[in-house]
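In the UniProt record's numbering, the protein residues as written are 1 to 646.
To keep things clear, I will list the structure first and then write my remarks on it.
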RNA sequence: GCCGCUUUAGCUCAGCAGGUAGAGCAUCACCAUGGUAAGGUGGGGGUCGCCGGUUCAAAUCCGGCAAGCGGCUCCA
């Protein structure tokens, strides 16, 4: 019997039934035989010794393939578990395997949990195991044997019992057996380049009602240089972190004396925020929105009617009991407020769509462990908007909003995002308004709109708002966490709850549909996000200080410096003059560390010629420019949102 | 909220076999200072996160609480 194997280049070759991946690699070339790490057979990762018994497509993986990293990290996870099992006899094990970012293993130790302080020891023991270079064999073991190997370990027992089949594929190194891997390397010594990174809690099987295990995070590479580069990358993340930059650039702070999750905006951060707020209001006014102000407090009854009290209570601050029967509630969302605006007048179909927008301040009682700088706070101001439309306007309005979003992203140079259609969780419907027909209808409407526009998206169950499905725009933070930036939400429920109507062409009352949307998220989250993507070097139009003027000599050049400052300020440029009695180099350095877009040094030469010496942020080569040319250039740069090529 | 770690001057951190605090940067003063990333000298500044306990004595040991960090769960 022979089987036919097809290679990535399309060529086919016959092999004996049961041939191993390694044998095939060797048959192609000696060097490939040496470099081969694993295979990908019909899309599935297989180890080198796997016997192939059917026709199929085979890719031989070498260290250069991304998938090879999965094999390596799985192997490292296996070796970590083997090390831990030997070092901590009373340790129990949850899941452990490679991730997009390395690998992890969940542990639970009766004699005290592992902590970061143990990592050095564990690493040394793991290195010893690697050095011994034992053979890692793929074996088939019965459930009973596995249960014996992990006797007394409730997590592994549960994982073993969840396996289908009698003989379970597993890997063995000496006495240690573990399962659940796709493919491993065949020698422990091949996983010698790794680093144990951190320890963190993780719920068993991701359920918060389950016990919490200790998760060891780590990463492995084939080359030391790759590991070094990755560790460097992880260190550099810190430099992007908006909390670090927020302190260095004096943007904001959070003080426990005042309250966790309640940020204070320093003048620099406030300038950025104000600039963005003015920008987005102008944009929305131009797009047909009407901007309003509504109270952040309301009678609790409002949120009972909206459904927030039933479905969103755990995220709300407790109501204030005014003592005379009145209960006031800090609003967690602005939609009920905008509904009041809608309802204040009789509405005609001629007015729709009605677009109500507000930079609406809201309060949500976020769990203490979820708070993080400006990214997750308890008081936030949302770039909120609610559009009230007739049912046949939904599609167009959806496109309008999407268009607005894209235009705004362009101005902020936001390019790295994905679309997520967020549906309700069909297995947990009590979290949501109960109306299957509405859900099915609105979910398919959203999907239809995205398909019509030909946009790529992925679907996620359980991510919807309690009142309706959403289109979310997902971005990543500096630390790599997923985060929602913009959102468009279809809502048939609230209009129902509040008995919203408009008079139709037929003179009858009709129910409008509400579209909730946030374009640039909350001011807090958006500015955190921008700080990270810009690494604190805000484009000129957003920079707190746009120009720093440094006179060469405080006595001789101050008059010119001051007139320069006046000229720029008169054009609306945020300019500072450094009058301190310090060396020029010192002031220049500070302007650079503060990431000021332009530093102007002026002395005799500039004063006599009506020029400025311009040093752009990040550049070490100043250039001399005519004063008027510089002023015009920066004014137009600010006006164009600092975009080049426009 | 949960697990682990952390909390000392404005910032970054040292001190910790228990004997009442230190550096660099920043700040202030004085001196110096004309060309593109840190000039010099000196001074001021901390009830060592908060509350309680052990002790003759606690920044240091123990307990509780709070906040921060890494995650998990949740989320704009």
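Glycine included, each C-beta is placed from N, C-alpha and C at the ideal position.
So what does residue 483 bridge to, in DSSP terms? Answer is 475, bridged to residue 483.
Where does residue 10 land, buried or exposed, given buried means 16+ other C-beta within 10 angstroms? It is exposed - the Cβ of residue 10 has fewer than 16 other Cβ atoms within 10 Å.
With which residues is residue 13 paired in a DSSP beta bridge? According to DSSP, residue 13 bridges with 5.
What distance in whole Å lies between the Cβ atoms of residue 273 and residue 527, which are believed to be in contact at a cut-off of 8 Å? The Cβ separation is near 6 Å, so the contact holds.
Using the C-alpha atoms, what's the distance from residue 204 back to residue 153? Their backbone Cα atoms lie some 13 Å apart in a straight line.
Confirm, please, whether the CB-CB distance from residue 386 to residue 346 is below 7 Å. Not a contact, by the Cβ cut-off of 7 Å.
Could you give the first and the last residue of the continuous beta strand (DSSP E) run that contains residue 459? Here the beta strand (DSSP E) through residue 459 covers 458-461.
Determine, using beta carbons only, whether residue 353 and residue 513 come nearer to each other than 7 Å. It is not a contact, given that the beta carbons lie outside the stated cut-off.
Check residue 566 in the structure and name its three-state DSSP category. Taken through DSSP and simplified to helix, strand or coil, residue 566 comes out as helix.
Going by beta carbon distance, what residues of the same chain come within less than 6 Å of residue 478, once the five residues before and after it are set aside? If we look at residue 478 and ignore the five residues flanking it on each side, its Cβ neighbours are 237, 240, 241, 532.
Quick one: is residue 369 buried, meaning 16 or more other Cβ sit within 10 Å of its Cβ, or exposed? Exposed, because fewer than 16 other Cβ atoms sit within 10 Å of the Cβ of residue 369.
Along the alpha helix (DSSP H) that carries residue 527, what are the first and last residues, could you check? Element bounds for residue 527: 523-534.
Could you give the DSSP three-state label for residue 489: helix, strand or coil? Assignment of residue 489 by DSSP, reduced to helix, strand and coil, places it in the strand class.
Does the region 27-35 come into contact with the region 114-133, if we say contact requires no fewer than three beta-carbon pairs (one atom in each stretch) closer than 8 Å? Contact between the region 27-35 and the region 114-133 is not established, with fewer than three Cβ pairs separated by less than 8 Å.
How long is the line joining the alpha carbons of residue 194 and residue 201, rounded to whole angstroms? Taking the straight line joining both Cα atoms gives about 21 Å.
Confirm, please, whether the CB-CB distance from residue 3 to residue 15 is below 7 Å. In this structure, residue 15 places its C-beta atom within 7 Å of the C-beta atom of residue 3.
C-alpha gap between residue 434 and residue 333, whole angstroms: Inter-residue distance for residue 434 and residue 333 is about 20 Å (C-alpha atoms, whole angstroms).
Reference residue 150, options 175, 212, 458, closest by Cα: Restricting attention to 175, 212, 458, the CA atom closest to the CA of residue 150 is found in 175.
Would residue 18 and residue 53 qualify as a contact pair, given that the criterion is a beta-carbon distance under 7 Å? Yes; because the gap between Cβ atoms is below 7 Å, this pair is in contact.
If you follow the beta strand (DSSP E) that residue 623 is part of, which residue opens it and which one closes it? Residue 623 -> beta strand (DSSP E) spans 623-626.
Identity of the residue in 544, 629, 642, 458 nearest residue 610 by Cα: From the listed residues 544, 629, 642, 458, the smallest Cα separation to residue 610 is found for 629.
Neighbour-count burial assignment, residue 135, 16 or more Cβ in a 10 Å radius: Flag for residue 135 reads exposed.
Residues bridged to residue 379 [DSSP beta-bridge criterion]: The partner list for residue 379 (beta bridge, DSSP) reads 363.
Residues near residue 381 by beta carbon distance below 8 Å, same chain, minus five either side: Correct list, in chain order: 359, 360, 361, 362, 522, 523, 524.
Grab me the residues of residue 460's own chain with a C-beta within less than 6 Å of its C-beta, minus the 5 sequence neighbours each way, in chain order. Cβ-Cβ distances below 6 Å link residue 460 to 420, 422 in the same chain, with the five nearest sequence neighbours on each side left out; the list follows chain order.
Please state whether DSSP places residue 428 in a helix, a strand or coil. Coil at residue 428, not helix or strand.
Taking contact to mean at least 3 C-beta pairs separated by less than 8 Å, is the region 393-407 in contact with the region 551-559? Taking 8 Å as the limit for Cβ pairs, the verdict is that the region 551-559 does not touch the region 393-407.
For residue 639, is the classification buried or exposed, using 16 other Cβ atoms within 10 angstroms of its Cβ as the cut-off for buried? Answer is exposed; the Cβ neighbour count stays below 16.
For residue 214, three-class secondary structure by DSSP: Strand, per DSSP.
Does the structure place the region 484-500 close enough to the region 436-443 that three or more beta carbon pairs sit under 8 Å? Touching, yes, given that three or more Cβ pairs across the two stretches are closer than 8 Å.
Buried or exposed: where does residue 539 fall if 16 or more other Cβ atoms within 10 Å of its Cβ makes it buried? Under the 10 Å beta carbon count, residue 539 is surrounded by 16 or more other beta carbons and is classified as buried.
Determine whether the beta carbon atoms of residue 82 and residue 173 lie at a separation below 7 Å. Yes; because the gap between Cβ atoms is below 7 Å, this pair is in contact.
In whole angstroms, what separates the C-alpha of residue 371 from that of residue 339? One alpha carbon belongs to residue 371, the other to residue 339, and they sit about 30 Å apart.
Reduced DSSP secondary structure (H/G/I, E/B, other) of residue 371: Looking at residue 371 - three-state DSSP - the assignment turns out to be coil, as it is neither helix nor strand.
How would you call residue 646, buried or exposed, if buried means at least 16 neighbouring beta carbons within 10 angstroms? For residue 646, the predicted model reports a pLDDT of 44, less than 50, meaning its position is unreliable and no value from the coordinates is stated.
Limits of the beta strand (DSSP E) - the one that residue 618 falls within: It is not in any beta strand (DSSP E) - residue 618 carries neither H nor E in the DSSP assignment.
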